[in-house]
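Peer 1:
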Amino acid sequence: MLWLHARKEPERLRLLHDIEREEVIEQARSRAQAADCSGHTVSELEFRTKDEIRDAVTADLEAEYEPDVWKRRSELAVKAGTILSLPGVSIIPLPYGAVPLAIDGALVFVALVFGGPLLSFGLGILLLRSIRDDIVPWMRTFSSNPVGTVRRMWNRL
């Protein structure tokens, strides 16, 4: 019964809009002849193995998630700041006089002058990146659909 309905609908449209059937058939045939399909053959199809697909996907993901310049800078600053600050901070709990003053002063100086700013710089970059990548997109989705955003957040919890 469905094929009968599908056959009647075009006929109704043709009658409503005064379209000649032979004219439509002739136009369809001329378009089919004008279409240039001679350039493509089945032999031109390119098949890939599972290993090739896996390698391509791996390369795409590595390129997409490769750390950018600022991520590398922030990681380097946090690591260097931690290494420079750790010796100076580790002697804080020791009683006064346990470490010679020359060593104590130098370690605290290095921790305050070099380690602190490097840690601040690295953590500042991490903070700005988290604002850009996490908070701003969440605020955009919340402003466009507050109920749906709260519902998704509630479902995650």
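Once you know that position 132 of the sequence shown is 132 in my numbering, the rest is easy, because the numbers rise by one and skip nothing. We put the beta carbon where it would ideally sit given N, CA and C, even for glycine.
Examine the Cβ distances between the region 55 to 71 and the region 91 to 110 and report whether three or more of them are shorter than 8 Å.
Peer 2: no
Peer 1: Do L84 and G115 have their C-beta atoms closer together than 7 Å?
Peer 2: yes
Peer 1: How many Å lie between R29 and E23 at the Cα?
Peer 2: 10 Å
Peer 1: DSSP on I91, reduced to helix/strand/coil?
Peer 2: Taken through DSSP and simplified to helix, strand or coil, I91 comes out as coil.
Peer 1: In terms of residues, what are the limits of the alpha helix (DSSP H) holding F142?
Peer 2: 136 to 144
Peer 1: With C-beta atoms as the reference, is G122 less than 7 Å away from G81?
Peer 2: yes
Peer 1: If you follow the alpha helix (DSSP H) that E46 is part of, which residue opens it and which one closes it?
Peer 2: From DSSP, E46 is part of no alpha helix (DSSP H); its letter is neither H nor E.
Peer 1: Would DSSP call I125 helix, strand or coil?
Peer 2: Helix, per DSSP.
Peer 1: Is L157 helix, strand or coil when you go by DSSP?
Peer 2: In this structure, L157 counts as coil in the three-state DSSP scheme.
Peer 1: Kindly list the residues whose CB is nearer than 7 Å to the CB of F142, restricted to its own chain and excluding five residues on each side of it in sequence; keep chain order.
Peer 2: T149
Peer 1: K79 to S120, Cα distance in whole Å?
Peer 2: K79 and S120: Cα-Cα distance of roughly 11 Å.
Peer 1: Do L118 and A77 come within 7 Å of each other at the CB atom, strictly closer than that value?
Peer 2: Going by C-beta atoms, A77 is nearer than 7 Å to L118.
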